[in-house]
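In the working numbering, the protein residues as written are 1 to 279. Don't be surprised by glycine CBs; every beta carbon is placed ideally from N, CA and C.
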């Protein structure tokens, strides 16, 4: 909620437009949708062939699979339909909080306008009702900021649970094994992008190496020839979109943003889940 929107910080919006211009004619929406549809139909035909090898499979497994697939399609559609409304609600809430933060800072209720984002919902309601003093609000904000500072260098483990421990750094090698996500092979120069603010560094045809991806990264997919991430699963948003775009992708290459350097030549094999360092 505290992140700036495009009307406040338009840099990423300009980066997005730049990526479409660099991608050229490959960004035709109708062409892209047609390609995605054909890829989906090919995968459905391949699944049907695999599930039709025996009479028992044809009778039960094939029917169960496509029934579950139709259910998934239906609920995925509803999920995407609700996303724009949720994003719109977040946008308007953000505008209200930004303005209220400015007013509270101007009246010396808060030290800085952005401090409003360190308050909880209950604190905000109490403050608006006059039931939370400036001293109480500032005490909570300072406490939250101290806690945030304590975690500034903390890197959460990939696995959380019993017996989890920080993983050791992978040894230097020429070939790294991860999780196969999106089929195909792509070779190109690596471009390490650790956060979205560095998005404008990616050029068309390069291999995007990132800690993870989320919906905000999608405009970069128009430029990337391949994708390598440190995290993510087969049904994560970035993985799904990578398959829709037909970008060879390998997930869960631990510390990929530290192993690979800008300009190194990488071969991303999305079929085998392998990333090869060619130099």
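Cβ-based neighbour list, residue i, same chain, cut-off 7 Å, excluding 5 preceding and 5 following
i           : result
residue 123 : 132, 137 and 140
residue 279 : 264 and 265
residue 201 : 191 and 193
residue 19  : 219, 220, 222 and 223
residue 112 : 105
residue 39  : 246
residue 215 : 237
C-beta contact flag for residue i and residue j at 8 Å
i           : j           : result
residue 199 : residue 264 : no
residue 230 : residue 253 : yes
residue 276 : residue 175 : yes
residue 118 : residue 144 : yes
residue 12  : residue 223 : no
residue 47  : residue 60  : no
residue 218 : residue 241 : yes
residue 247 : residue 226 : yes
residue 127 : residue 271 : no
residue 51  : residue 62  : yes
C-beta neighbour in chain D for residue i, strict 8 Å
i           : result
residue 175 : Within the model displayed, chain D is absent; a lone protein chain is all it includes.
Host alpha helix (DSSP H) of residue i (start-end)
i           : result
residue 276 : Note, residue 276: premise wrong, no alpha helix (DSSP H); beta strand (DSSP E) at 274 to 277.
residue 134 : 134 to 150
residue 121 : 121 to 128
Residue i - containing beta strand (DSSP E), residue span
i           : result
residue 98  : Here residue 98 belongs to no beta strand (DSSP E); instead the alpha helix (DSSP H) covers 62 to 106.
residue 185 : 185 to 192
residue 37  : Residue 37 -> not in any beta strand (DSSP E); alpha helix (DSSP H) instead, spanning 29 to 50.
residue 180 : 179 to 182
Integer-rounded CB distance, given that residue j should sit under 8 Å from residue i
i           : j           : result
residue 179 : residue 251 : 4 Å
residue 5   : residue 91  : 6 Å
residue 177 : residue 273 : 6 Å
Close Cβ partners of residue i (< 6 Å) along its chain, the five nearest in sequence each way excluded
i           : result
residue 163 : At residue 163, the pLDDT of 48 sits below 50, so the modelled position is not reliable; the number obtained from the coordinates is stated separately. So the list is empty, once near-sequence residues are dropped.
residue 165 : The predicted model places residue 165 with a pLDDT of 49, which falls under 50 and marks its position as unreliable, so this point remains unresolved.
residue 121 : none
residue 14  : none
Cβ shell of residue i (< 8 Å), same chain only, five flanking positions each side left out
i           : result
residue 142 : none
Could you name each continuous beta strand (DSSP E) segment of 3 residues or more that falls completely within the region 197 to 273, going from the start of the chain to the end? Taking only runs of at least 3 residues, the beta strand (DSSP E) segments lying wholly in the region 197 to 273 are 207 to 210, 226 to 229, 249 to 251 and 265 to 269.
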